[in-house]
Amino acid sequence: MARSASATAPVSCAIDPTMVLSHKFPEVTDEALYALAVGACNADAADEKELQLVYHRDDQSSIKILPTFISALNAKTGDGFYMDVPGLHYDPTLLLHGQQYIEIYKLIPSQDNIADGKFF
242 MARSASATAP VSCAIDPTMV LSHKFPEVTD EALYALAVGA CNADAADEKE LQLVYHRDDQ
302 SSIKILPTFI SALNAKTGDG FYMDVPGLHY DPTLLLHGQQ YIEIYKLIPS QDNIADGKFF
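Note that the working numbering has the sequence shown beginning at 242, numbered continuously upward.
Following this line, the structure appears as structure tokens:
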């Protein structure tokens, strides 16, 4: 099995924090498209509860985020991984994934990110 150069690189060479923090992460439109892709508004396009996942009357910055959107960020797409982040060099297929879960204590904000120093 061929190994990528990034798979054998030491951690200090595999991560460039400046590039990672300057990466443009998904925006509200990506979150809304994800909600539509998994079936939001399929049964009733005028359902107020489901519309909150894809539309807000005042501003798109306050739509509600599906909790599963967080775990979908590393999903494989036809062009590679959805979250190919410059400065973060690793091959996700070589990682051992033992367990994953999400504990949600409050609504996930649509405009925050870890680079802001906030963790939701």
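For each residue, glycine too, the CB sits at the ideal point set by N, CA and C.
Remember, it's a predicted structure, so these values are computed and weren't measured experimentally.
Three-way DSSP call (helix, strand, coil) for residue i in this model
i, result
"L335", "helix"
"L329", "strand"
"A255", "helix"
"A284", "coil"
"L277", "helix"
"L348", "coil"
"F360", "The predicted model places F360 with a pLDDT of 49, which falls under 50 and marks its position as unreliable; any figure quoted below should be read in that light. If DSSP states are grouped into helix, strand and coil, F360 belongs with coil."
"E289", "helix"
"E272", "helix"
"L307", "coil"
"V261", "helix"
Selection from the options that minimises the alpha carbon distance to residue i
i, options, result
"K265", "A255, G328 and V295", "G328"
"P258", "L348, Q340 and V326", "V326"
"K347", "A284, I306 and H297", "I306"
"L274", "S263, Y296, Y342 and A287", "Y296"
Whole-number beta carbon distance between residue j and residue i, since they are thought to touch under 8 angstroms
i, j, result
"L294", "A276", "4 angstroms"
"C282", "E289", "About 11 angstroms; that fails the 8 angstroms criterion."
"E272", "F310", "6 angstroms"
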